[in-house]
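Count along the sequence shown from 1, then add 3; that gives the number in the numbering used here.
From the three backbone atoms N, C-alpha and C, an ideal C-beta is built for every residue, glycine too.
None of the values given here were measured: they were computed from a predicted structure.
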Amino acid sequence: MKKFMDKDFLLTTPAAKTLFHDYAAKQPIIDYHCHINPREIAEDRKFENITQVWLGGDHYKWRLMRSAGVEEKYITGDASDREKFQKWAEVLGRAVGNPLLHWSHLELQRYFGYDGVLNGSTAEEVWQLCNKKLAEPGMSVRGLIKQSGVEVICTTDDPADSLEWHKKLAEDSSFDTKVYPAWRPDKAMNIEKPEFTSYIAKLAEVSGVEIHSFADLKKALCARMDFFGEMNCRVSDHALEYVYFSPISDSEAEEIFSKRINGGEVSAEEAASYKTMFMLFCGREYSRRGWVMQLHYGTKRDNNTLQYKKLGPDTGYDCINNYAPSSLTADFLNALECENALPKTIIYSLNPNDNQAIDTILGCFQSSEAVGKIQHGSAWWFNDHKTGMREQLISLGNLGYLAGFVGMLTDSRSFLSYPRHEYFRRILCGFFGELVENGEYPDDMAALGEIVSDISYGNAKKYFNF
């Protein structure tokens, strides 16, 4: 019986151990998509206790605690930080089969030197150990990032954002990690949302462009893209229900926009058509600017209305959306390709059933412009566990070019999440090791080591031009 999460955790073959320890483990991290707060990096926040850095804003943990029957007061309520940590420890000790068990113990090992097991009976020991460690100078936000070997961070930013904290970080020569904004224009796209008109007014003020038409909106967005570009943005991101493709004429798009901006409501069909035209505009601009387009879809959000009204979005009440027609994704990419305006694109679906569809779509639009110009994004959100990661790797290997994969991202709001890259790398090396063990790939550690290093780091560095 193997020891719980030892140095060869998830590495079951000699080849896997060699690939991880000699190649993957030493690679820096490029975190090209996350949700951490650039202000906390600029101000180099220090945390008073482990609950603040570990449980604050982490809806992965919140969902698990609710599933275990924990009262909301110990999750997002007014219980003390120590009480919340106790409840979390009790739940984690029983989290059989959940990746949070692995992530949490990797974080305890890497940042706090704790090789034991966190559960209800060890909670006080771990609480004292972690809080003492967090008081040390190297455990501030910047210290955690430096310890993790993070070379580049791309945050997620609205077009109306001032990017003041990115500017401060760019001017701060004492911090080596590059922190770049990433363009996330969902609020300008979601025409059906109640807050759409107020957001357009805000965007007009920030951009200096009066917005009375869809054409005006595009001018305002271009002005903000120029500003983001000056701040070294080179990545966009879109949160979609599915990839829209219901194209209409410019005049029809203007009619829909005019109706909504003047207080009217739009139908689901009108919203889909507007979003199609919005996304085509964005794709053309990204291509012209050399930006990467990320498409995240397959999510049904805010399903518990009562809790949404109490806690707001991103609090653990989202699920997989089973509706994402692959034909629309292909048609959308094809429309841009026909205009010679298809940017580098990364496609993620929250539904693992979409893996094969995505991987066949990729092959239709690859070119010599970049190795893996169209990417199948890493197993995301509800899929970033051992099974989900392996299934994504197997599908991409079967149907595409796995050696050109840009690898893992954190997609997290926590500064302790970087061991997810280690988790991914261990799973990657474990998978490759099995291929060698089974005679499905030559026992050539130099060749496989180069591929592992590229997937862990090198491919992303080239792909995003970091």
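Query, Result
"Minimum Cβ-Cβ distance from residue 385 to chain B less than 8 Å", "In the structure shown, chain B does not exist; there is a single protein chain."
"Closest Cα partner of residue 171 within the set 50, 148 and 43", "43"
"Beta-bridge partners of residue 242, as assigned by DSSP", "299"
"CB contact flag (residue 18, residue 280, <8 Å)", "no"
"Of the listed residues 63, 155 and 120, nearest to residue 411 (C-alpha basis)", "155"
"Sequence-distant residues of the same chain with beta carbon closer than 8 Å to residue 234, five excluded per side", "166, 169, 170, 173, 183 and 184"
"Residue 476 classed as buried or exposed, judged by whether at least 16 other C-beta atoms fall within 10 angstroms", "Absent from the model: residue 476. The displayed extent of the chain is 4 to 469, so no value can be given."
"Closest Cα partner of residue 491 within the set 64, 82 and 109", "There is simply no residue 491 to check, as the chain begins at 4 and stops at 469 in what is shown."
"Backbone CA spacing between residue 304 and residue 54 [nearest angstrom]", "26 Å"
"Cβ neighbour criterion (16 or more within 10 Å) applied to residue 459", "buried"
"Contained beta strand (DSSP E) runs [length at least 3] in the stretch 89-163, N- to C-terminal order", "153-157"
"Where residue 323 falls: helix, strand or coil (DSSP)", "strand"
"Contact set for residue 181: own chain, Cβ-Cβ below 6 Å, skip 5 residues either direction", "155"
"Top-ranked residue by Cα proximity to residue 418, from 298, 61, 228 and 372", "61"
"Bridge partner(s) assigned by DSSP for residue 378", "349"
"Residue 309 burial status per 10 Å Cβ neighbour count (16 or more: buried)", "exposed"
"Check whether residue 431 and residue 27 have beta carbons under 8 Å apart", "yes"
"contact_flag[the stretch 339-349, the stretch 286-294] where n(CB pairs < 8 Å) is 3 or more", "yes"
"For residue 422, the nearest candidate out of 111, 263, 321 and 84 (CA to CA)", "111"
"Buried versus exposed call for residue 301 [16 or more other C-beta atoms within 10 Å across all chains shown]", "buried"
"Buried versus exposed, by CB contacts within 10 Å (16 or more), residue 192", "buried"
"Of the listed residues 272, 123, 390 and 224, nearest to residue 356 (C-alpha basis)", "390"
"Of the residues 425, 374 and 426, the one placed nearest residue 405, counting alpha carbons only", "374"
"Minimum length 3: unbroken beta strand (DSSP E) runs contained in the stretch 159-192", "181-183"
"Under 8 Å between C-beta atoms of residue 144 and residue 47", "yes"
"Through-space distance from residue 125 to residue 466, alpha-carbon basis", "44 Å"
"Exposure of residue 335, with buried meaning 16 or more beta-carbon neighbours within 10 Å", "buried"
"Assigned exposure category for residue 127 - 16 Cβ within 10 Å defines buried", "exposed"
"Check whether residue 393 and residue 434 have beta carbons under 8 Å apart", "yes"
"In DSSP terms, what residue 34 is bridged to", "156"
"For residue 261, three-class secondary structure by DSSP", "helix"
"contact_flag[the stretch 324-341, the stretch 239-255] where n(CB pairs < 8 Å) is 3 or more", "yes"
"Reduced DSSP secondary structure (H/G/I, E/B, other) of residue 373", "strand"
"Simplified DSSP assignment, three categories, for residue 200", "helix"
"Distance CB(residue 362)-CB(residue 383) smaller than 8 Å", "no"
"CA nearest to the CA of residue 137, picked from 56, 239, 469 and 187", "56"
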